[in-house]
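Heads up, the sequence shown is in this note's numbering, so the first residue is 4 and it goes up one at a time. All C-beta atoms in this analysis are idealised placements derived from N, C-alpha and C, irrespective of residue type, glycine included.
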Amino acid sequence: LAQLPQLIGVPTITYGLIALGLLIIYGFPRLTRAVPSPLVAIIVLTVITAVTGIHVRTVADLGQLPSALPSFGLPQVPFTLHTLSVIAPVALTLAAVGLLETLLTAQIVDDMTDTPSGKSRECIGQGIANMVSAVFGGMGGCAMIGQSVINVTSGGRGRLSTLIAGAFLLVLLVVLQNLLAIVPVAALTAVMIMVSINTFSWKSLGRLRSNPWQSSVVMLATVVTVVATGDLSKGVLVGVILSGVFFAGKVSRLSRVTSTLSADGTLRTYRVEGQIFFASAGTFADSIDVTEPVDRIVIDVSAAHFWDISAIAALDRVVMKARRYQRPVEVLGLNEASATMVERFAIHKREGAVASLH
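In structure tokens:
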């Protein structure tokens, strides 16, 4: 979608150049793979436009190219808390987006090459590189899906391929910028269209029907958010929130409460199983009937785990409500973590706890 503006309001010949570029990109590998087909497409289209004098947009039309290497220099800003308060929100947002795109790119490359990668090392290296880049006046950067896919599809596998790519780009910008300036934008558009086609998982569309509907909703919501806002971090945030909501709902349905009555009808035992947290706490509390005329109630939680304040509050409500009905209650089987939560946050053991329920 980012390439669509390059197709609007341009000379008709531009569409032909893009089509020719795609033809070369997908057809040249049938002849040989010794030279990357995207590079061949860029060279051929550049030669055609330069020799024939066709007037189309070129790289030079996109902005001024640098003519010298950057020099070392620390940022000329006051080192104060006010400066930090201005910079921190933007810096943290860019860092988060950069890390997300880097991890996404690493996963795509792993899938394309069937090899694992050290993602933690990749993130550490990215952070160090960005700090060094900053003192030379450079912008923050991260792994790019487009360039990485081009590298892999062109046969690159090791560190040497990325090193050569960076070094060659530096030479192009500083030494051969006059040559770079005449490259038609149509050639770059063709390359990026190829990258988009190769990166997109077309099989995922067919899996929308077979996947759980929750997974399909998360995927579609993430894609729509990214496309609508152009912000990867917002798309990931929406996806994470929806995943959390669906997961909470799923886990809450796994908890259950069963009960048995003693032969003499004086003891009601409730056995609680599963995870008790904000999404299942209400069901847990409603499952225990403290109004039943029995002499004693036992709540067996040996197969359950209390996760949060909502779960502890639900236990408080049950115990204190039972006491109001003069029903002795005993809670058995708390695991260590749940017992710690109850000890710290439960109020049913405190003086005046029943009164506080009103």
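Checking 8 angstroms against the spacing of the C-beta atoms, do residue i and residue j come in under that value?
i	j	result
S262	T272	yes
A53	A190	no
V152	V198	yes
L335	S305	yes
V301	E333	yes
V155	T118	no
T61	I196	no
A133	G144	According to the sequence provided, residue 133 is Asn. The question's Ala does not apply to it. Cβ distance < 8 angstroms, so N133 and G144 count as in contact.
V59	I27	no
V254	F309	no
Suppose you measure from the CA of residue i to the CA of residue j; what does that come to, to the nearest Å?
i	j	result
P187	R36	24 angstroms
G2	N181	Residue 2 lies beyond the residue range present for the chain, which begins at 4 and ends at 361; the question has no answer from this structure.
V100	S236	5 angstroms
F250	S218	10 angstroms
R326	A307	23 angstroms
M142	V229	22 angstroms
A91	S164	34 angstroms
G233	G158	30 angstroms
A342	R162	52 angstroms
V80	L87	10 angstroms
G103	I148	Just to set this straight, residue 103 is Leu in the shown sequence, not Gly. About 11 angstroms.
S359	L95	In this prediction, S359 scores a pLDDT of 45, lower than 50, which makes its location untrustworthy; no coordinate-derived value is stated.
V422	G24	Residue coverage of the chain in this structure runs from 4 to 361, which leaves residue 422 outside it and unanswerable.
G242	T192	29 angstroms
L245	Q278	20 angstroms
K352	M323	9 angstroms
I57	T49	10 angstroms
A98	I200	27 angstroms
M239	S265	The amino acid at residue 239 is misidentified as Met; the sequence shows Val. Taking the straight line from one Cα to the other gives about 52 angstroms.
Got a sec, what are the start and stop residues for the alpha helix (DSSP H) residue i sits in?
i	result
I167	162 to 177
E339	339 to 348
I28	15 to 30
S262	No alpha helix (DSSP H) contains S262, which is instead part of the beta strand (DSSP E) from 259 to 264.
I153	148 to 156
Q217	216 to 232
A184	180 to 184
D363	This structure leaves residue 363 out entirely; the chain is present only between 4 and 361.
Could you check where the beta strand (DSSP E) with residue i kicks off and where it finishes?
i	result
F309	299 to 309
T49	Where T49 is concerned, there is no enclosing beta strand (DSSP E), although the alpha helix (DSSP H) it sits in stretches over 40 to 55.
R271	270 to 279
E295	E295 -> no beta strand (DSSP E), and no H or E assigned at all.
V332	332 to 335
Assuming the contact rule is C-beta atoms closer than 8 angstroms, residue i and residue j should be a hit. Round their C-beta distance to whole Å, please.
i	j	result
F287	A317	5 angstroms
A202	I111	For the sequence presented, residue 202 should be read as Thr rather than Ala. Yes, they are in contact, since the Cβ atoms of T202 and I111 sit about 7 angstroms apart, within 8 angstroms.
F75	V138	6 angstroms
V194	P41	5 angstroms
D113	S120	5 angstroms
L183	L175	5 angstroms
V275	R330	V275 to R330, Cβ: 17 angstroms. No contact.
V297	L337	The Cβ separation is near 22 angstroms, so there is no contact.
* To do: Scan the segment 54 to 96 and note each continuous alpha helix (DSSP H) run of 4 residues or more that stays entirely inside, going in chain order.
  => Complete alpha helix (DSSP H) runs here, min 4: none at all.
* **4 or more residues per run - each alpha helix (DSSP H) lying fully within the segment 108 to 141** => Fully enclosed alpha helix (DSSP H) runs of 4 or longer: 122 to 137.
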